[in-house]
Amino acid sequence: MLKDISNRTDLMLLMKTFYAKALKDDVIQHYFNEIVQLNMEKHLPVIVDFWESVLFETPVYKGNAVAVHQHLHELAPFTKAHFNQWLLLFNQTTDQLFSGNMAKKIKQRAQSIATIILLKTI
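Below is the structure:
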């Protein structure tokens, strides 16, 4: 049986594994590789801060995820298919690595966040 997400190290593993898939995905990779030319070394600690804040309710993330995605949408418009693919990869990666209440919670939060950003950008 897989362990549950319990700390920042687990979130880092989740994000590294997720981005390894997302950076190669035909539907969404262009946002990371071409539009913003994502520097993973800089991005990983920030995105882990974000998910740590969301999942464990610790105030470590200081950014505005909605504003970041609104700007990205201005550069290259999102479609619902982009959000669906992001969520599919996120959920698959979570299920591949973890099982339990926190794994379920992060997938629920990912769905909520995707919906909010979708509604505020499209």
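Numbering (the numbering used here), first residue to last: 1239 to 1360.
Positions of the beta carbon are idealized from the N, C-alpha and C atoms, including for glycine.
Computed from a predicted model, the values in this text were never measured in an experiment.
Rounded distance between the beta-carbons of residue j and residue i, thought under 8 Å
i, j, result
"residue 1276", "residue 1250", "Actually they do not touch by this definition, with Cβ atoms about 16 Å apart."
"residue 1325", "residue 1274", "19 Å between Cβ atoms; not a contact."
"residue 1313", "residue 1243", "Incorrect: roughly 31 Å between the Cβ atoms, too far for contact."
"residue 1360", "residue 1328", "Actually they do not touch by this definition, with Cβ atoms about 18 Å apart."
"residue 1290", "residue 1246", "6 Å"
Within 9 Å, strictly: CB atoms of residue i and residue j
i, j, result
"residue 1321", "residue 1355", "yes"
"residue 1331", "residue 1252", "yes"
"residue 1346", "residue 1255", "no"
"residue 1259", "residue 1307", "no"
Helix, strand or coil at residue i according to DSSP, with G and I counted as helix
i, result
"residue 1300", "coil"
"residue 1248", "helix"
"residue 1275", "coil"
"residue 1313", "helix"
Enclosing alpha helix (DSSP H) for residue i [first to last residue]
i, result
"residue 1351", "1339–1359"
"residue 1323", "1318–1335"
"residue 1290", "1278–1294"
Closest by C-alpha distance to residue i, when choosing among the options
i, options, result
"residue 1279", "1257, 1341, 1297, 1298", "1257"
"residue 1318", "1265, 1272, 1304", "1265"
"residue 1267", "1352, 1348, 1323", "1323"
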